[in-house]
Amino acid sequence: MSEQQWLIPATKGLGFKLDKGQIVRVTDVEGEQVADFAAYNASHPNERIDPGVTIDALGKMNVLPGDILYSNQYRPLLTVIKDTVGRHDFINSACRPEMYEVLYNKKDHASCYNNLNEVLVEFGLPAPDQHYTFNLFMNTVIDPSGKVSVERPLSKAGDYVELRAEMDLIIAISACPCSESVCNGYHCTPIAVEIL
Numbered sequence: 001m002s003e004q005q006w007l008i009p010a011t012k013g014l015g016f017k018l019d020k021g022q023i024v025r026v027t028d029v030e031g032e033q034v035a036d037f038a039a040y041n042a043s044h045p046n047e048r049i050d051p052g053v054t055i056d057a058l059g060k061m062n063v064l065p066g067d068i069l070y071s072n073q074y075r076p077l078l079t080v081i082k083d084t085v086g087r088h089d090f091i092n093s094a095c096r097p098e099m100y101e102v103l104y105n106k107k108d109h110a111s112c113y114n115n116l117n118e119v120l121v122e123f124g125l126p127a128p129d130q131h132y133t134f135n136l137f138m139n140t141v142i143d144p145s146g147k148v149s150v151e152r153p154l155s156k157a158g159d160y161v162e163l164r165a166e167m168d169l170i171i172a173i174s175a176c177p178c179s180e181s182v183c184n185g186y187h188c189t190p191i192a193v194e195i196l
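For what it's worth, UniProt numbering labels the leading residue of the sequence shown as 1, then goes sequentially.
Given below as C-alpha cells:
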C-alpha cells in the first residue's frame, strides 16, 4: 500500500483504516497540541482501545516504545514503536460540549467527542456514550495528594509518536479544540498523520 498522509486542521478530526502491521505516525506540527486517538477493531467495532485496560495490563500510566496498547477485551491493539515526547494521557476522556459548559460556561463548543463521532460515521460506527481515548501529547500530572492537573504539553514542533497496528483497525483522531486552557498551550494547531 502506498504511503498516505493527511494534515488535520486545528480543531478538526480525521478517520482512516490502518491494516495489521502498518505503522501510523502522528506529529505535533507546531508543538503543544493534543491529539485524541481512538482505535476500533475493523471487524468487530465493539472492541476498541481502552486506556483503563492498558494501565491495568501494563501496570503503569506512562507508555514507552515497545509497550502495547490494549483493547477493552485485553487484546493487543497497537504497539508503541517510537515516541519523541514520552508524556501522553490515559486518564481524561474526550472533551465534549457539556465539558465546555461546566468548565468554561461556553455552549455548543467544538469538541473531540463530536470530531471523533463525525469521522467515524463514514465507517458505520455509531456514536458511543463517550470516547475513552489515548490522548497524544497531553500532559496530565498527578501529585502525591491525588490532585490532577493538565499542564502544558511537553511536545515541541515536529515531535511524533509511531504506533503499529496489531489487527486491522479503524482509527479516529481529533486535533483537540480546547483553547481555553493550557491543555493546548491556549492555542489550537494542526496535527499531521501519515501511514509509513
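All residues carry an ideal CB built from backbone N, CA and C; glycine is no exception.
- Between residue 38 and residue 28, the gap from beta carbon to beta carbon reaches 9 Å or more.
- In the DSSP assignment, residue 80 falls outside any alpha helix (DSSP H) and lies within the beta strand (DSSP E) extending over 76 to 83.
- Look at residue 57 here: in three-state DSSP terms it is helix.
- Fewer than three Cβ pairs drawn from the stretch 116 to 130 and the stretch 157 to 164 lie within less than 8 Å of each other, which leaves the two stretches out of contact.
- Under the 10 Å beta carbon count, residue 196 is surrounded by fewer than 16 other beta carbons and is classified as exposed.
- Put simply, the backbone Cα of residue 122 is about 43 Å away from that of residue 144.
- Bounds of the beta strand (DSSP E) holding residue 160 are 159 to 165.
- Residue 57 holds the alpha-carbon nearest to the alpha-carbon of residue 73 among 98, 140, 57.
- The residues 107, 108, 109, 111, 113, 114, in chain order, have a CB closer than 8 Å to that of residue 97 in the same chain once the five nearest residues on each side in sequence are set aside.
- The three-state secondary structure of residue 52, taken from DSSP, is helix.
- Buried is the label assigned to residue 32, since at least 16 other Cβ atoms lie within 10 Å of its Cβ.
- Counting along the chain, no alpha helix (DSSP H) covers residue 3, and no H or E run does either.
- When DSSP states are grouped into helix, strand and coil, residue 46 belongs to the coil group.
- Assigned with DSSP and collapsed to three states, residue 118 falls in helix.
- Between residue 78 and residue 48, the CB-CB gap reaches or exceeds 9 Å.
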